[in-house]
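Chain order of the listed sequences is L and U. What the first sequence shows, in this note's numbering, is residues 1 to 272, in sequence order. What the second sequence shows, in this note's numbering, is residues 1 to 267, in sequence order. Ideal Cβ positions, reconstructed from N, Cα and C, are used throughout, including at glycine. All figures in this text were calculated on a predicted structure; none of them were measured in a lab. For reference, the structure is listed below as structure tokens.
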Amino acid sequence: MIEALQFGFMRNALMAGILVSIACGIIGTFVVIKRIVFISGGIAHAAYGGIGLGYFFKFSPVLGAIIFSVAAALGMGLVHRKTRQRADTIIGVMWAVGMALGIILVDLTEGYKADLMSYLFGSILAVPSTDLLIMLALDLVIVALVMLLYKELLAISFDEAFATVENVPVDAIYMILLCMIAFTVVMMMRVVGLIMVIALLTVPAAISGQFVKNMKKMMVLASMLGVVFTTTGLWLSYFLNLTSGATIILVSGAAYLLSMAVKLLLHRRPKF
Amino acid sequence: MRHVETTETPREVISVRHLWAGYDGEPILEDINLSVRELDFIGLIGPNGGGKTTLLKVLLGLIPPMRGEVRIMGKSVEEGRRYIGYIPQTVEFDRDFPISVWDVARMGRLGRRRLLQRYTAEDDDIVAEALRSVDMLNLRDRPIAELSGGQRQRVYIARALATDPNVLLLDEPMASVDPRVSASIYELLRQLNERLTILMVSHDMSAISSHVKTVGCLNRWLFYHGGKQLTPDMLEAAYQCPIDLIAHGIPHRVFAEHAPEEEEVQQ
């Protein structure tokens, strides 16, 4: 087990898992308690449009994904807030159109498209050191923003009407939250791929929420669970020679099922 | 429909004049006039979909009026709503939300602190006092998921008190509370009414009318005379069907012919 660590790619992979898990635990907690899983899935898939943009115009696909997912987050956020009906339909359409745009742009790009699949299904074993620095920077941004805006984020998650009455800039805070989701999605793209982002974003927070009843503790526990899942998944995929992203997701999914079973056994009393 | 004016009326806390409000251009409330004065305890009853929550939303500035004017303490809604302690219907919340009694109550101080500003020791004192006044300070670290309906309602009252309000606005305060507990909450509200104005809406007319000072009916139109009794004609007009009630005075049917034939308003 230890000898695998002599490979630089393995050390980078473990590091990437840890860095991503921090963002995942914090932002995933908001996604779960504010019930914005659907919109987060939309942001993740629409980000593929940015990958296509990067390929087509010959700039970094990761940069493209950041720009595109932030734009998608703001667009979907606006739709979510300002239309009273069919917000989910419109978000679903934006989700698919973003992805389709990416595919077409990649089609139109000449030449060899080496790591295209890695954006869709993740490639934690091929994370370069520069990407680790980007992840670290995004982690710092997310932690700083959440610490600075904690009381407002808590308030809009818990009771938006009350926060509005207290003159909290609810719309702006919500948009900032969606942008942080976009950052997190781009980080996770490297680890599990855009298609499976939503599982790793929500599962650690969902498990954590079953056992702790405090948002800060929920974030910390979710981050730790994320580290456990990515690390376990990574080792399993290494030794069993399986796709790493999918293995991480299956480990998370199995843990979620297990946690629900444990919860059920612990609380046999009827729900009030 | 007119507020009974005497020469020595207390200060007006909320003033609603010729208010029309609704969603997507469809009015749910028409020509509402209401004057809430200091230390009033007004209960407005009405059927579901009759516009009770819409009225509260307008008073809180959550939706703009279509027509008419609302003033709170003589100010616009955006400025005046800081004098309001809002107590929402508890069913709106996710019971599993990971938050403690203390953190909920402390949200009452949000309006006093800017972005990036932390809560202060003064805030903590005010929150502790608010929780003490509703008998919930000893449960301050309890997650709200573990509270009963009545306890949760007390926490929301504490949160509203922590805003240092002049008037409390309650939306269906007894919705998730059993009758035995609701009596104790009404008693708490009665005590608070010694220093605070209270306006509440509910569909439960029997409970509300025995605890408030004055009562009105709301169903698209507001029928409020500043009196304690619900008259059959008020109810008939509001509910659009005759309702048995012990009549006080001679029932007259001035509103009956105004009763609309329109379909029920959905919210």
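*asked:* So, at 6 Å on beta carbons, what are the nonlocal neighbours of His343 (chain U) in its own chain, with the 5 sequence-adjacent residues on each side left out?
replied: In the structure displayed, chain U extends from 1 to 267; residue 343 (chain U) sits before or after that span and is not available.
*Going along the chain, which residues of the segment 159 to 171 of chain U sit with their C-beta nearer than 8 Å to a C-beta in chain L?*
Only Arg159 and Thr163 from the segment 159 to 171 of chain U bring a Cβ to less than 8 Å from some Cβ of chain L.
_Would Tyr83 (chain U) pass as an interface residue toward chain L - the criterion being a Cβ-Cβ separation below 8 Å?_
No, Tyr83 (chain U) lies away from the interface with chain L (no Cβ there is under 8 Å from its Cβ).
*Given a threshold of 16 other Cβ atoms within 10 Å of its Cβ, counted over all protein chains shown, does Ile2 (chain L) qualify as buried or as exposed?*
Exposed, since its Cβ has fewer than 16 Cβ neighbours within 10 Å.
*For the putative contact between Met136 (chain U) and Val101 (chain U), defined by C-beta atoms under 8 Å, what is the C-beta separation to the nearest angstrom?*
Taking a contact as a CB-CB distance under 8 Å, the pair Met136 (chain U) and Val101 (chain U) counts as one, their CB atoms being some 6 Å apart.
*asked:* Considering only their Cβ atoms, is the gap separating Ile87 (chain U) from Ala160 (chain U) smaller than 8 Å?
replied: Taking 8 Å as the Cβ cut-off, Ala160 (chain U) and Ile87 (chain U) qualify as a contacting pair.
_Run through chain U and tell me which residues come within less than 8 Å of Gly209 (chain L), C-beta to C-beta._
Against Gly209 (chain L), the close residues of chain U are Asp96 and Pro98, in the order they occur along the chain (beta-carbon pairs closer than 8 Å).
_Quick check on Ile134 (chain L): does DSSP put it in helix, strand or coil?_
In this structure, DSSP gives Ile134 (chain L) a helical state, which the three-state scheme calls helix.
*What does Gly111 (chain U) reach in chain L if we use C-beta pairs closer than 9 Å?*
Result: Val165, Glu166, Asn167 and Val168.
*Cβ of Val13 (chain U) within 8 Å of any chain L Cβ*: Not closer than 8 Å to any Cβ of chain L, the Cβ of Val13 (chain U) fails to qualify, so no.
*Identify whether Ile32 (chain U) lies in helix, strand or coil by the three-state DSSP scheme.*
When DSSP states are grouped into helix, strand and coil, Ile32 (chain U) belongs to the strand group.
*For a contact meaning CB atoms closer than 8 Å, what does Pro47 (chain U) contact in chain L?*
For Pro47 (chain U), none of the residues of chain L pass the 8 Å Cβ criterion, the least Cβ distance being about 22 Å.
*Cutoff 6 Å; reference Cys241 (chain U); Cβ partners in own chain excluding five residues on either side*: Unreliable positioning characterises Cys241 (chain U) in this predicted model, as indicated by a pLDDT of 47, which lies under 50. The coordinate reading is nonetheless provided below. Around Cys241 (chain U), the same chain offers no residue with a beta carbon nearer than 6 Å, after the five sequence neighbours per side are excluded.
*Compare the C-beta of Met73 (chain U) against all C-beta atoms of chain L and say whether one is closer than 8 Å.*
Taking 8 Å as the CB threshold, Met73 (chain U) stays off the interface with chain L.
*Report all residues from its chain with a CB closer than 6 Å to the CB of Ile14 (chain U); omit the five preceding and five following residues, and keep chain order.*
Same-chain partners within the cutoff: Val36 and Ile72.
*Given a cut-off of 8 Å, decide if Gly226 (chain L) and Thr247 (chain L) are closer than it, judged by their beta-carbon atoms.*
In this structure, the beta-carbon distance from Thr247 (chain L) to Gly226 (chain L) does not fall below 8 Å.
*Assign Arg67 (chain U) to one of three DSSP states: helix, strand, or coil.*
For Arg67 (chain U), the secondary structure class from DSSP, reduced to helix, strand or coil, is strand.
*Does the distance from the CB of Leu201 (chain L) to the CB of Cys24 (chain L) come in under 8 Å?*
Against a cut-off of 8 Å, the Cβ pair of Cys24 (chain L) and Leu201 (chain L) comes out as a contact.
*Using a Cβ-Cβ cut-off of less than 9 Å, list which residues of the segment 41 to 71 of chain U approach chain L; keep chain order.*
From the segment 41 to 71 of chain U, only Lys57, Leu60, Gly61 and Leu62 have a Cβ closer than 9 Å to chain L.
_Per DSSP, what are the beta-bridge partners of Cys179 (chain L) in this structure?_
Cys179 (chain L) pairs with nothing; no bridge assigned.
*Thinking Ala254 (chain L) and Ser69 (chain L) are a contact (beta carbons under 8 Å), I'd like their distance in whole angstroms, please.*
Not really, about 28 Å apart at Cβ, beyond 8 Å.
*Does at least one heavy atom of the ligand GDP sit under 7 Å from the Cβ of His267 (chain L)?*
Here there are no bound small molecules, and the ligand GDP is not part of this structure.
*Indicate whether the contact test is met: 3 or more Cβ pairs, each with one atom in the segment 4 to 13 of chain L and one in the segment 205 to 225 of chain L, closer than 8 Å.*
No, they do not touch.
*Can you tell me the Cα-Cα spacing of Thr231 (chain U) and Lys75 (chain U), whole angstroms?*
Cα to Cα, Thr231 (chain U) sits roughly 33 Å from Lys75 (chain U).
*CA nearest to the CA of Gly193 (chain L), picked from L:Val127, L:Ser118 and L:Leu136*: Closest by alpha carbon: L:Ser118.
_I'd like to know whether the C-beta atoms of Gly46 (chain U) and Leu169 (chain U) end up nearer to each other than 8 Å._
Not in contact: Gly46 (chain U) and Leu169 (chain U) (Cβ atoms no closer than 8 Å).
_Quick check: is the beta carbon of Met205 (chain U) nearer than 8 Å to any beta carbon in chain B?_
In the displayed structure, chain B is absent; the protein chains listed are L and U.
*Are the segment 145 to 164 of chain L and the segment 101 to 114 of chain U touching by the rule of at least three beta carbon pairs closer than 8 Å?*
The segment 145 to 164 of chain L vs the segment 101 to 114 of chain U: in contact.
*asked:* Tell me the rounded alpha-carbon separation between Asp164 (chain U) and Trp221 (chain U).
replied: Approximately 31 Å, taken between the alpha carbons.
*Which class does His45 (chain L) belong to by DSSP, given the choice of helix, strand or coil?*
It is helical.
_Spatial neighbours of Gly50 (chain U) within its chain, please: C-beta separation below 6 Å, excluding the five flanking residues on both sides._
Once the five neighbours on either side are set aside, the close Cβ partners of Gly50 (chain U) are Leu218 and Asn219.
*asked:* Tell me the DSSP secondary structure of Lys75 (chain U) in three-state form.
replied: Collapsing the DSSP output to three states places Lys75 (chain U) in a strand.
*Note the first and the last residue of the continuous beta strand (DSSP E) segment covering Tyr86 (chain U).*
Here the beta strand (DSSP E) through Tyr86 (chain U) covers Ile84 to Ile87.
*Which runs of the alpha helix (DSSP H) spanning at least 4 residues fall entirely within the segment 104 to 190 of chain U, listed in chain order?*
Listed in chain order, the complete alpha helix (DSSP H) runs (minimum 4 residues) inside the segment 104 to 190 of chain U are 121 to 133 and 149 to 162.
*Reduced DSSP secondary structure (H/G/I, E/B, other) of Val18 (chain U)*: Note that residue 18 (chain U) is His in the sequence shown, not Val. Residue state, collapsed to three classes: strand.
_Extent of the continuous beta strand (DSSP E) to which Phe97 (chain U) belongs_ = Taken as a continuous stretch (DSSP letters only), Phe97 (chain U) belongs to no beta strand (DSSP E), as it is neither H nor E.
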